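Below: the structure, in structure tokens.
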Amino acid sequence: MANLTAKELSAIGDHLAAEDNLVRKYRMYAGTTQDPQIKQKCEEIAQRHQNHFNTLMGHLS
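Per the numbering used here, the very first residue in the sequence shown carries number 13; after that it's consecutive.
As structure tokens, then:
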């Protein structure tokens, strides 16, 4: 992998923070709803954002 500039690292850091925030929000939403369909959709969205987070972290390895 090529060396990343400080600006690129900062942008990745910002995206990681945003993805982490979305994972936590959707997990919280899934935990507070009583509707099974909404719960499932929130869990799916949380997993999608967790995958995005993991992919970004993989680029830093």
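C-beta: ideal position from N, C-alpha, C; glycine also. Please read these numbers as outputs of a predicted model, since none were measured by experiment.
For A58, collect the residues of the same chain with a Cβ closer than 6 Å to its Cβ; drop the 5 residues on either side in sequence, then sort them by chain order. Start at 1 with the first residue of the sequence shown, and residue 58 comes out as number 46. For A58, where only same-chain residues beyond five positions count, the Cβ hits under 6 Å are V35, Y38, R39.
Return helix, strand or coil for D47, following the three-state DSSP convention. Sequence index remark: in the sequence shown, residue 47 carries index 35 (1-based). If DSSP states are grouped into helix, strand and coil, D47 belongs with coil.
For E56 and L28, what's the separation of their Cα atoms in angstroms? Along the sequence shown, one-based indexing puts residue 56 at 44. Along the sequence shown, one-based indexing puts residue 28 at 16. Looking at the two C-alpha atoms, the distance is approximately 18 Å.
If we call anything under 9 Å between Cβ atoms a contact, is H71 one with I24? Position 59 of the sequence shown holds residue 71. Position 12 of the sequence shown holds residue 24. Yes, these two residues count as a Cβ contact at 9 Å.
Roughly how many angstroms separate the alpha carbons of T135 and K53, rounded to a whole number? Coverage of the chain is limited to positions 13 through 73, which leaves residue 135 absent and any answer about it impossible.
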